[in-house]
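Enquirer: Numbering-wise (the numbering used here), the sequence shown opens with residue 1107 and increments by one. The C-beta atom is built at its ideal place from N, Cα and C for all residues, glycine as well.
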Amino acid sequence: MRRILSILVILLCGCTHEYPEHELPDKDGNVNVRFTIQLPEAVPAGTRAINENLLTGLQVLVFDENARFIGRYSATFSANNYTVTLPQSTNKRILHFIANYDWSAFSDVASLNKDEGELIAPLQSTGLIFWQRIVLNSGIYSGVLTGQPVPLIRNMAKFTLENQAGWGLTNVKFALFNKASAGSVAPFNTATRTFDPVITEPAGVTFTDASTMDVADIYTFERKNSTVTTDPTYVIVQGTYAGATCYYKIDIIDDAKNMYDIQRNVWFKIIIQSVAMAGYSTMEAAKSSPASNNITASVLLQSYPTISDGSYVLSVNKTVISFTSNGQTLNANATYKTVAGVSQNSSIVVTLVQDPANPLVNGSVSYDPATGNLSAAIHDVPANGIARNATLKIEAGTLSRTIRLLLHAPFTFTNISVTPATVPNTMETPVTLKFTVPAEAEYMLPFNCYVTSAYLTPVSPNIEVVPENGLYRYKWKVTATGGQTINFKTNTANASETVFIDADLFQRGQVAYSNTNGVYRFSNIVLTPNPVDFGTGKAVTLKFTVPTAGVYRIYTSNLTPVTGTVVGGIYTYTATTAGEQIINFTTNKQNVSETIRLTGTNYLDYTIALKNQLVKISGTLTYGTGSGSGSVINAGTVTVSVGTRVVGIFVTTSTGTYQASFDANIGDVLTFSYTRSSRTYTTTQSVTAAIQTITKKLI
């Protein structure tokens, strides 16, 4: 039995609305607190029929600074926000927002002064509940929740089914088995007595099977599925294959071969890509048999490269592989093992499926069972711009995986802009970068792109700084195709540069901005390699970015350009286009350490240090007076200097040996100093090579 499916876990999120500000308390000391909720297309009860978004009876439970219950209050909906009348307080308060719960058996009087853990944690329901906990450290006043939407979360998970198999499998339905009969209102960590986002199964919960198959979405309560030893939660898919009704069992496992936990407010999206063979003839046969999760490669499967039927594990290291340049080769890996880890790679069968008129693979695919490596030559990128596709089907036993191969030109970022394009000459000016990711790149989602900028600092959240070769690159996660917006602020006066946008399988995008003073800056300046090896004729590459074309002067005495000449210590370089400039040099001296300066009309000067490689020395040091071998410097601190400049400090071993690296030139004289019992012992040695052994007695 073979079937091909994919599972996507999506965290449900939502939208927000704004609301009014403060007002005074009434004569009883109560205030009207207005707030918005945050959930997908949030609406009040009775305005729509989508159960997963249906809110009824939103209640606010208030606890004091000691987490003791004060009272329960009803919120009402009007004018796009909720209002609840609460007792004003300047002390810390804790609020629990609960909707859809049946309060008929709840006694407000008997609950007074109960701890929030004692009161909230036992609450459970057999229906959909919304909940959230918010701490108000400054107490309760009318505007306390202004600008702070309440992010309600559901106590159920959602399963959906999508059939993309076409004619291969029709009349598709599904059902969930061993699902929880009830769920807790709120997640609660019993070990820490806190409301942490942990899997929380209520007391007395049972697990049941579905009685019918359906096409409708399935909702279930959370379960610690990863620790279940028998009867975990799973899915059965029913469909018509080759005219007959058949059934497929799906275990919900991650890429580490572990069962997924069924977690509240999480969406499990099951997508049937294609089907190769009929499944079991009856539902009972599928239920009583091991799952055979033959998952194909797709945009949704990049996090699920491993399939297990309970006895064997079939793994591929990649499920989608793209080729965007000429002369590339396929390098992938596939393994088939017992659950105990014994290799069965010899059982793997690899099948290449591609259009013979427009082949992606040039020749055949080779598989080495000893290493699990897959290799093949790849055709060049089509000159006509039409992408090519191919499929590698990896089969072993009852399991199969599919690797999707794509051959196309690199994607292009479009609609790149910086706003404002001309910034004021002050620091912390807001700047917005926008660009568009093409729809064709959807299969890559999610992926990271990198924004390189010297004079902009991100203010958008969740951006990681990735320093590289002295440059600042900002990692932005692309989760959807289409428009992207990243907010920055300038980190210097007179900011002006070309900003780069890079991502795997994309051509570099770039956009320039200037300042109101008309002053330009060099940016993204890199010397490679740096440090550079001693000697003449060593290759050195200088890269820098300019927002304008023009003539630039590079001051250097120790580098010779591959094209052009240095006159009077100045290399005049003409940039025909704005953006990144690349200039190749070679060294013309043994010691090339110097400071290189870049200048240009209306540009601020920029300097960068070119350094020699570090001198590496090792040996054994002793000390003493007069002639003789001396005593070893036992775990002693030795200082090394060139003239008055200290270039290194190291500690010897107990036998006087050492290894150290210094910033020094060939021909420099190193002075070694060691102080013991108020007396300083010294010796000198010239640097003659990049790697040198120096064994000396300090006198």
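What first and last residue would you give for the alpha helix (DSSP H) that runs through L1225?
Expert: Per DSSP, L1225 belongs to the alpha helix (DSSP H) from E1222 to I1226.
Enquirer: Whole angstroms are fine: how far does the CA of T1683 sit from the CA of A1655?
Expert: Distance between the alpha carbons of A1655 and T1683 is about 5 Å.
Enquirer: Label T1801 either buried or exposed according to how many other C-beta atoms from any shown protein chain fall within 10 Å of its C-beta, with 16 as the threshold for buried.
Expert: The residue is exposed, with fewer than 16 neighbouring Cβ atoms inside 10 Å.
Enquirer: Under 8 Å by Cβ, that's how I've got Q1719 and F1628 pegged, so tell me the actual separation to the nearest angstrom.
Expert: That belief does not hold up - the Cβ atoms of Q1719 and F1628 are roughly 25 Å apart, past 8 Å.
Enquirer: How many Å lie between V1698 and G1478 at the Cα?
Expert: Taking the straight line from one Cα to the other gives about 48 Å.
Enquirer: Under three-state DSSP, which class holds K1644?
Expert: It is coil, neither helix nor strand.
Enquirer: Tell me which same chain residues have a C-beta within less than 6 Å of the C-beta of I1739, skipping the five on either side of it?
Expert: Within the same chain, I1739 has close Cβ partners L1727, Y1729, T1758, G1762 and Y1780.
Enquirer: Given this structure, state the Cα-to-Cα distance separating T1786 from N1664, to the nearest angstrom.
Expert: About 38 Å.
Enquirer: For E1603, is the classification buried or exposed, using 16 other Cβ atoms within 10 angstroms of its Cβ as the cut-off for buried?
Expert: With 16 or more other Cβ atoms within 10 Å, it is buried.
Enquirer: Can you tell me whether DSSP reads Y1549 as helix, strand or coil?
Expert: Reduced to three states, the DSSP call for Y1549 is helix.
Enquirer: Let's test the definition: count the other Cβ atoms within 10 Å of the Cβ of E1534 and tell me whether it reaches 16, buried, or not, exposed.
Expert: Counting Cβ neighbours within 10 Å, E1534 comes out exposed, since fewer than 16 surround it.
Enquirer: Return the CA-CA distance between T1402 and I1500, expressed in angstroms with no decimal places.
Expert: A caution first: T1402 carries a pLDDT of 29, below 50, which makes its placement in the model too unreliable to give a value.
Enquirer: Can you find the residues in the same chain that come closer than 6 Å, C-beta to C-beta, to K1540, ignoring five residues on each side of it along the sequence?
Expert: The answer, listed in chain order, is S1523 and T1591.
Enquirer: Note down, one range per segment and in chain order, each alpha helix (DSSP H) of at least 4 residues found wholly within the region 1204-1255.
Expert: Qualifying alpha helix (DSSP H) stretches, in chain order: 1214-1217 and 1222-1226.
Enquirer: Classify K1424 as buried or exposed, calling it buried when 16 or more other Cβ atoms lie within 10 Å of its own Cβ.
Expert: Label assigned to K1424: buried.
Enquirer: Spatial neighbours of T1191 within its chain, please: CB distance less than 6 Å, with the 5 preceding and 5 following residues excluded, ordered by chain position.
Expert: Hits under 6 Å: N1136 and N1138.
Enquirer: Might you give, ordered along the chain, the residues of its own chain that have their beta carbon closer than 6 Å to the beta carbon of T1585, omitting 5 neighbours on each side?
Expert: So the list reads P1552, once near-sequence residues are dropped.
Enquirer: For S1747, count the other beta carbons within 10 Å of its own beta carbon; 16 or more makes it buried, fewer makes it exposed. Which is it?
Expert: Counting Cβ neighbours within 10 Å, S1747 comes out buried, since at least 16 surround it.
Enquirer: To which residues of the same chain is T1333 closer than 7 Å at the C-beta, ignoring the five residues directly before and after it?
Expert: Excluding residues within five positions, none has a Cβ falling inside 7 Å.
Enquirer: What is the residue span of the alpha helix (DSSP H) that K1393 lies within?
Expert: That run of the alpha helix (DSSP H) goes M1389 to S1394.
Enquirer: Could you give the DSSP three-state label for E1307: helix, strand or coil?
Expert: Note: E1307 maps to coil in three-state DSSP.
Enquirer: Thinking C-beta only, is V1311 closer than 8 Å to A1292?
Expert: Contact: no.
Enquirer: Could you work out which residue in E1328, A1502 and I1723 is closest to I1305 when comparing CA atoms only?
Expert: Of the listed residues, the one whose Cα sits closest to I1305 is E1328.
Enquirer: Within 10 Å of its beta-carbon, does V1721 have 16 or more other beta-carbons around it, so buried, or fewer, so exposed?
Expert: V1721 should be labelled buried.
Enquirer: Evaluate the contact criterion for the region 1550-1568 versus the region 1481-1489: three or more CB pairs, one atom per stretch, below 8 Å.
Expert: In short, these stretches do not touch, since the Cβ pair count stays below three.
Enquirer: Exposed or buried, I1342, counting other C-beta atoms within 10 Å across all chains shown (16 or more means buried)?
Expert: Answer is buried; the Cβ neighbour count reaches 16.
Enquirer: Looking only at DSSP bridge pairs, what is L1720 linked to?
Expert: L1720 is not bridged to any residue.
Enquirer: Compare the C-alpha of I1714 against each of F1517, K1583 and I1631 and name the closest.
Expert: The residue with the shortest Cα to Cα distance from I1714 is I1631.
Enquirer: Just the C-alpha distance for P1462 and M1550, rounded to the nearest angstrom, thanks.
Expert: Roughly 26 Å between the two C-alpha positions.
Enquirer: Specify the secondary structure class of T1333 as computed by DSSP and reduced to three states.
Expert: It is helical.
Enquirer: Just the C-alpha distance for T1457 and L1420, rounded to the nearest angstrom, thanks.
Expert: Rounded to the nearest angstrom, the two C-alpha atoms are 15 Å apart.
Enquirer: For a quick check, are the C-beta atoms of A1316 and F1283 less than 8 Å apart?
Expert: Yes. Within cutoff.
Enquirer: Give me whichever residues DSSP pairs with T1591 in a beta bridge.
Expert: DSSP, once it has assigned bridges, lists K1540 as partnering T1591.
Enquirer: Applying the 10 Å Cβ sphere with the 16-neighbour rule, what's the burial state of T1596?
Expert: The residue in question, T1596, is buried, as its Cβ has 16 or more Cβ neighbours within 10 Å.
Enquirer: Give me whichever residues DSSP pairs with E1570 in a beta bridge.
Expert: Beta-bridge pairing links E1570 to K1581.
Enquirer: What separation, rounded to the nearest whole angstrom, lies between the Cα atoms of A1796 and L1716?
Expert: Taking the straight line joining both Cα atoms gives about 17 Å.
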